[in-house]
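Q: Shown below is the structure under consideration.
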Amino acid sequence: MPKRVGIEVSLAASEAACAVDSDVIAAYPITPQTHIVEHLSELVADGKLDAEFIPVESEHSAMSVCIGSSAVGARTFTASSAQGLALMHEILFIAPALRTPIVMAVVNRAMSGPISIWNDHSDIMAERDVGWIQTFAENGQEVFDLIIHAFRVAEDPKVLLPVMVNLDGFTLSHVIEPIEMLNAREVRRYIKPYKPQMVLDPKHPVTMGAVGVPEVYTEAKQQIESVLRASKKVVVSAWKEFARLYGRTYRPIETYRTKGAEVVLMTMGSVSETAMTAVDKMRDKEIAVGLMRFRLWRPFPLEEFRRAVKGVKVLAVLDRAISYGAQGGPVFMEVRSALYGQAGQPNISGFVAGLGGRDITTDMFEEMVKKAIRYAKKGKGPTYELIGVREK
Amino acid sequence: MMKAASGGFKKFTPKTLPKFEPLAQGHRACQGCGEVLALRMALKAMGKNMIIASATGCMEIITSAYPQTAWDVPWIHVAFENAAAVASGIEAGRKVLMRKGRLPKGRTTIVAMAGDGGTADIGLQALSGALERGHDFVYICLDNEAYMNTGVQRSSATPYGAMTTTSPPGKLSIGQYTWKKNVPAIVEAHAIPYVATAAPAYYVDLMNKAKKAAMIRGPAYLHIYSPCPTGWRLAPERAVAISRLAVQTNIFPLYEVIDGRYILTKKIKKPKPVEEYLGLQGRFRHLDKKTIQEIQERVDREYEALLQKATLAEVQEEST
Ligand SMILES: Cc1ncc(C[n+]2csc(CCOP(=O)(O)OP(=O)(O)O)c2C)c(N)n1
Ligand code: SF4
Ligand SMILES: [Mg+2]
């Protein structure tokens with residue numbers, strides 16, 4: 036078994052892309068993603084990773100280069116954040132349509148304006164519907180493991196879709212954690228050489244990215260949608276295989292002290308560690324609270340989610356992004372619609388907190404839980420509210 | 011100077027044109043389209059061993075409506091502004107796969123193709139990036155002087171005075187009020203090994219330049235004049251004739267820039283008046299004598315400047 040080493044999580048992310056022997060990396064720097072691409076360019080410069088590092092002139096080109104290199108059969112990795120991810124937006128839709136299994140680390144950061152380099156989930160939530168598989172890491176080990184896992188899933192012939200692995204900017208990306216880093220040899224048991232199904236090759240000419248006239252567009256979209264849905268099976272079985280080989284178990288939804296819990300807090304990403312502490316504190320005060328977090332966000336793990344909330348009376352959903360003018364944050368809306376019309380459906384309250392790097396404290400979690408209980412008792416409350424807004 | 015640039019290959023003649031058709035007939039271009047003609051000639055010259063990354067635009071739309079395709083070479087379309095970036099990825103991907111022994115070694119011509127809009131405007135940044143990084147590829151700009159695919163809107167390559175749907179002449183407007191952006195000069199400023207202009211009327215010259223571009227290592231750029239009868243309000247049978255006139259009036263001079271040295275490839279001894287060129291096209295019909303004179307002076311001036319660059323190169327050549 037590999038030793039644990041203390042390493043900055045960003046560097047561990049790069050080491051994961053290196054361990055799978057990535058062929059092409061095309062990236063453009065943006066805080067807080069920078070350390071990942073800096074380290075990757077170092078690994079290439081030092082000959083530790085035999086890859087082409089393409090220092091593109093924008094994120095739009097980064098994603099375009101990635102599609103080009105993936106279309107010729109090269110294993111391709113990139114990373115971005117916020118404004119950079121948004122600049123890729125147009126091209127993000129095209130990668131799944133061309134079935135290019137690119138892997139991208141998204142170091143979550145708040146969207147401008149006002150400009151902010153700090154963490155929240157407004158960048159990724161704006162890319163919910165682009166057709167990529169999306170996972171969220173809680174800690175450094177998970178970042179490393181999920182990136183390895185991402186390549187396995189993306190390149191599975193039954194999937195061939197791009198994957199985004201999300202990690203919180205600074206609060207996760209810039210911390211040093213003890214991480215068990217698998218080396219290339221160990222990873223080879225899990226990640227086989229990429230065998231593309233179709234490539235741009237003068238010997239076998241194919242046309243990629245043809246025009247979708249109204250007679251075929253719907254079917255083309257339906258295909259992407261159905262592979263993305265079906266990819267859940269592969270996502271889950273690849274985690275099982277990961278557990279078998281390396282001993283660390285991952286599931287689409289993670290739960291903490293949900294047994295006998297009447298109230299469940301729902302979170303995503305690294306804030307879940309604070310949430311666990313908050314749950315412990317509340318349990319000490321005899322509040323029957325548990326925690327649930329989405330590790331897999333796309334495809335949405337509907338069955339797992341419904342099963343996990345069975346018997347729960349109150350749900351307090353945390354969003355790290357505002358959906359202006361909507362009924363709540365994107366996670367809240369999705370959770371509520373997943374449970375709509377289900378027998379014994381819990382009372383659901385949505386909370387938005389931790390925007391643009393604002394800390395979410397254990398007290399705030401307690402406030403959310405207490406409010407959710409109160410609103411459930413009263414049978415009414417605001418559809419959602421912002422937590423931790425300064426009065427002056 | 012590299013061997014290919016000095017013409018280290020067997021030049022095409024009208025009798026030795028390759029039979030190979032990378033772009034099959036049956037595509038959906040308008041009658042008399044000079045853009046698809048220019049594209050076909052250029053690609054034919056480069057041979058079968060190529061991969062194309064195409065920008066959105068007329069040429070993409072008319073060749074690739076699923077389930078049909080006009081392409082007999084591997085071809086990918088991703089978006090409007092990123093053909094050069096996609097080509098970069100293709101080139102880099104193949105390079106590393108060959109290095110790692112997962113792809114047989116050998117050189118394939120990587121082509122990025124885009125219209126003037128996809129080159130001079132929205133794709134200029136991606137083009138600049140790819141040129142600066144020095145990828146081994148050929149970029150073909152098919153310049154029909156407007157956004158034709160979306161209905162003839164102006165681009166920065168639309169010539170002064172031209173009528174387009176977003177540069178309409180009117181009481182307060184002469185039509186396009188800016189002068190055509192000199193993209194080959196911008197490209198040349200990246201100090202790439204090969205830049206050339208070409209026009210379909212001089213098809214042998216066009217094909218030899220395309221071949222040369224494909225053979226050169228590193229980035230090569232072809233700027234091809236591409237008559238669009240539909241957008242220019244030109245009789246469909248006049249596409250080739252107008253491209254000859256464009257050269258003969260010095261409106262679109264033919265030249266190469268090899269390692270920074272300008273070489274005129276078609277010297278026009280007695281240029282025809284621009285009026286002859288403008289008069290054949292509905293897009294210039296509204297121009298008055300004064301504007302035509304203004305255009306004539308500008309064309310003369312620009313040609314003079316080009317001549318000077320070429321002469322300077324000749325002088326330098328002799329003194330070394
Ligand atoms: C980002 C983006 N903006 C706008 C468009 C719409 N659009 C598609 S093709 C085109 C014009 C193409 O003009 P050009 O590059 O000159 O090629 P042509 O059709 O004239 O050959 C435009 C504006 C688009 N597809 N993508
Ligand atoms: S609009 Fe012009 S460039 Fe486009 S296909 Fe028709 S003739 Fe060719
Ligand atoms: Mg055009």
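Protein sequence lines, in the order shown, are assigned to chains P and R. The opening position of the first sequence corresponds to residue 36 in my numbering, with each subsequent residue numbered one higher. The opening position of the second sequence corresponds to residue 11 in my numbering, with each subsequent residue numbered one higher. Heads up, the beta-carbon is just placed ideally off N, CA and C, and yes, glycines get one too.
1) Should R/Asn154 be listed as close to ligand 3, given that the test is whether its C-beta is under 8 Å from any heavy atom?
2) With a threshold of 8 Å (Cβ to nearest heavy atom), would R/Ala52 be considered close to ligand 1?
3) Can you confirm whether R/Tyr76, when its beta carbon is compared against all beta carbons of chain P, has any partner nearer than 9 Å?
4) Nearer than 8 Å: is that true of the beta carbon of P/Tyr252 relative to any heavy atom of ligand 1?
5) Closest Cβ-Cβ distance between P/Leu374 and chain R: below 9 Å?
6) Taking the alpha-carbon positions, what's the R/Lys279 to R/Ile302 distance?
7) Could you name the residues of chain P that R/Leu107 contacts, counting a contact when the two beta carbons are closer than 8 Å?
8) Where are the alpha helix (DSSP H) runs, 4 residues long or more, that stay fully inside the segment 361-389 of chain P, in chain order?
9) Going by alpha carbons, who is nearest to R/Asp215 out of R/Gly144, R/Val284, R/Lys277?
10) From P/Thr135, P/Ser105, P/Leu374, pick the residue whose C-alpha is nearest to that of R/Gly99; which is it?
11) Just checking: is the beta-carbon of R/Lys58 within a distance shorter than 9 Å of some beta-carbon in chain P?
12) Can we count R/Ala65 as close to ligand 1, meaning its CB is less than 8 Å from some heavy atom?
13) What separation, rounded to the nearest whole angstrom, lies between the Cα atoms of P/Pro240 and P/Ser307?
14) Below 7 Å CB to CB, which residues in the same chain sit around P/Ala219 once its five sequence neighbours on both sides are set aside?
15) Below 7 Å CB to CB, which residues in the same chain sit around R/Ala323 once its five sequence neighbours on both sides are set aside?
16) Look up P/Tyr281 in the DSSP assignment and say whether it is helix, strand or coil.
17) In its own chain, which residues sit with a C-beta less than 6 Å from the C-beta of P/Ile383, not counting the 5 before and 5 after it?
18) Are there any heavy atoms of ligand 3 lying less than 8 Å away from the beta-carbon of R/Tyr157, as far as the coordinates show?
19) Under a Cβ-count criterion, where at least 16 other Cβ atoms within 10 Å of its own Cβ denotes burial, should R/Met11 be classed as buried or exposed?
20) Check R/Val83 in the structure and name its three-state DSSP category.
21) If I measure Cβ to Cβ from P/Gln232 and keep anything under 8 Å in the same chain, skipping five residues before and after, which residues do I get?
22) Quick one: list the residues of chain R neighbouring P/Glu339, beta-carbon separation under 8 Å, in chain order.
23) Spatial neighbours of P/Gly364 within its chain, please: CB distance less than 7 Å, with the 5 preceding and 5 following residues excluded, ordered by chain position.
24) Can we count R/Cys238 as close to ligand 3, meaning its CB is less than 8 Å from some heavy atom?
25) Where does the unbroken beta strand (DSSP E) through R/Met123 begin, and where does it stop?
26) According to DSSP, which residues form a beta bridge with P/Arg39?
27) Using CA atoms only, rank isn't needed, just tell me which of P/Ser99, P/Lys413, P/Trp332 is closest to P/Pro287.
28) Can you round the beta-carbon distance between P/Gly295 and P/Ala323 to whole angstroms, since I take them to be within the 8 Å contact cut?
29) Find the residues of chain P that neighbour R/Arg104, judging by a C-beta separation of less than 7 Å, and give them in chain order.
30) Report the residues of the segment 240-251 of chain P with a CB closer than 8 Å to any CB of chain R, ordered along the chain.
31) Would you say the beta carbon of R/Ala99 comes nearer than 8 Å to a heavy atom of ligand 3?
32) With the cut-off set at 9 Å, would you say R/Pro229 and R/Asp146 are in Cβ contact?
33) Mind listing, in chain order, the continuous beta strand (DSSP E) runs of no fewer than 3 residues lying wholly within the segment 58-108 of chain P?
34) May I ask whether a heavy atom of ligand 3 can be found less than 8 Å away from the beta carbon of R/Cys40?
35) Using three-state DSSP, classify R/Ala65 as helix, strand or coil.
A: Reading it off the structure:
1) yes
2) no
3) yes
4) no
5) no
6) 21 Å
7) Asp58, Val107, Gly108, Ala109
8) 365-374
9) R/Lys277
10) P/Ser105
11) yes
12) yes
13) 49 Å
14) Ala54, Asp56
15) Arg271, Tyr272, Ile273
16) helix
17) Leu350, Arg371
18) yes
19) Residue confidence for R/Met11 is low, a pLDDT of 43 falling below 50, so the modelled location carries little weight; the figure read from the coordinates is stated next. So R/Met11 ends up on the exposed side.
20) coil
21) Arg134, Pro192, Leu195
22) Residues of chain R passing the Cβ test: none, with the nearest at roughly 34 Å.
23) Asp354, Ala356, Ile357, Ser358, Gly385, Val387, Tyr419
24) yes
25) 119-125
26) P/Glu215
27) P/Trp332
28) 6 Å
29) Val107
30) Pro240, Val241, Thr242, Met243, Gly244, Ala245, Val246, Gly247, Val248, Val251
31) Checking the sequence shown, residue 99 of chain R turns out to be Gly, not Ala. No, since every heavy atom of ligand 3 falls outside the 8 Å radius drawn around the Cβ of R/Gly99.
32) yes
33) 59-61, 87-89
34) no
35) coil
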